[in-house]
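Engineer: Please find one structure pasted underneath; my questions will follow.
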Amino acid sequence: MNTDQLESIKLKLTQSLESLQAFQLVLLNTQMPNWVEILNKYNNLLSHIHILNSFLIASQTNEMNPNNSLLKSAVFPKQPINQSVEHILHVLLRTKPYPHIEQHENDLIDTLELNNQDVTSTIEAHDERSKRANSLTQRIKNQYDWKLRVQLEQETSSTQLNDQLVSNLANYMSTGTLVD
Numbered sequence: 001m002n003t004d005q006l007e008s009i010k011l012k013l014t015q016s017l018e019s020l021q022a023f024q025l026v027l028l029n030t031q032m033p034n035w036v037e038i039l040n041k042y043n044n045l046l047s048h049i050h051i052l053n054s055f056l057i058a059s060q061t062n063e064m065n066p067n068n069s070l071l072k073s074a075v076f077p078k079q080p081i082n083q084s085v086e087h088i089l090h091v092l093l094r095t096k097p098y099p100h101i102e103q104h105e106n107d108l109i110d111t112l113e114l115n116n117q118d119v120t121s122t123i124e125a126h127d128e129r130s131k132r133a134n135s136l137t138q139r140i141k142n143q144y145d146w147k148l149r150v151q152l153e154q155e156t157s158s159t160q161l162n163d164q165l166v167s168n169l170a171n172y173m174s175t176g177t178l179v180d
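Now the structure itself:
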């Protein structure tokens, strides 16, 4: 058994606990604590917890190592647990959700699957409309010469176009051929 690894974890846990107690002491002070002091204690606490978390994750990824003593460890309290708070231990150690919570989660998942089918059909319909619009745009783009400019004669007496020119322009817009 690798005692160095366990001692290292014990040290990190002790440091985290001391940081937590120092943070609680600052918060429980009767006076209004200084914001900078609160921030420093909080950062210190987060730092210790992050280091402990990183160490535990690193040892977890090292599962194939035969010297990994965390896999063989059994954790138990030094002092017996008080009967009044023993139920909390059962809640914390429970790995399967309560039946009513599990049923609620399953109902939510079923609801999401139903909504997912609606969303999928909406997406497919939108994609189909987009394809039709794209093909129509491509047909119109290929049908007309969009760079051709039509010369219009301006009448000197009025700004209105004569009927023949308007019908020629409308014919050009619908057929793509210019008729004189």
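Position one of the sequence shown corresponds to residue 1 (full-length UniProt numbering), numbered consecutively onward.
Using N, Cα and C, we set each Cβ at its ideal position, and we do this for glycine too.
Note that the structure is predicted; figures quoted are calculated from it, not measured.
Can you list, in chain order, the residues of its chain whose CB lies under 6 Å from that of P33, leaving out five sequence neighbours each side?
Structural biologist: Here the set comprises V26.
Engineer: Taking all protein chains shown into account, decide if L45 is buried (16 or more other Cβ within 10 angstroms of its Cβ) or exposed.
Structural biologist: Buried: at least 16 other Cβ atoms inside 10 Å.
Engineer: Can you give me the start and stop residues for the alpha helix (DSSP H) that N116 sits inside?
Structural biologist: Residues P99 to Q143.
Engineer: Would you call K41 buried or exposed, if buried means 16 or more other Cβ atoms sit within 10 Å of its Cβ?
Structural biologist: Under this definition K41 is a buried residue.
Engineer: Between the Cα of S19 and those of R149, L6, E37 and L108, spot the shortest distance and give me the residue it belongs to.
Structural biologist: Among R149, L6, E37 and L108, the Cα nearest to that of S19 is on E37.
Engineer: Give the DSSP-derived three-state secondary structure of F55 in the structure shown.
Structural biologist: Three-state result, F55: helix.
Engineer: Counting along the chain, where does the alpha helix (DSSP H) carrying M173 start and finish?
Structural biologist: Taken as a continuous stretch (DSSP letters only), the alpha helix (DSSP H) holding M173 covers D163 to T175.
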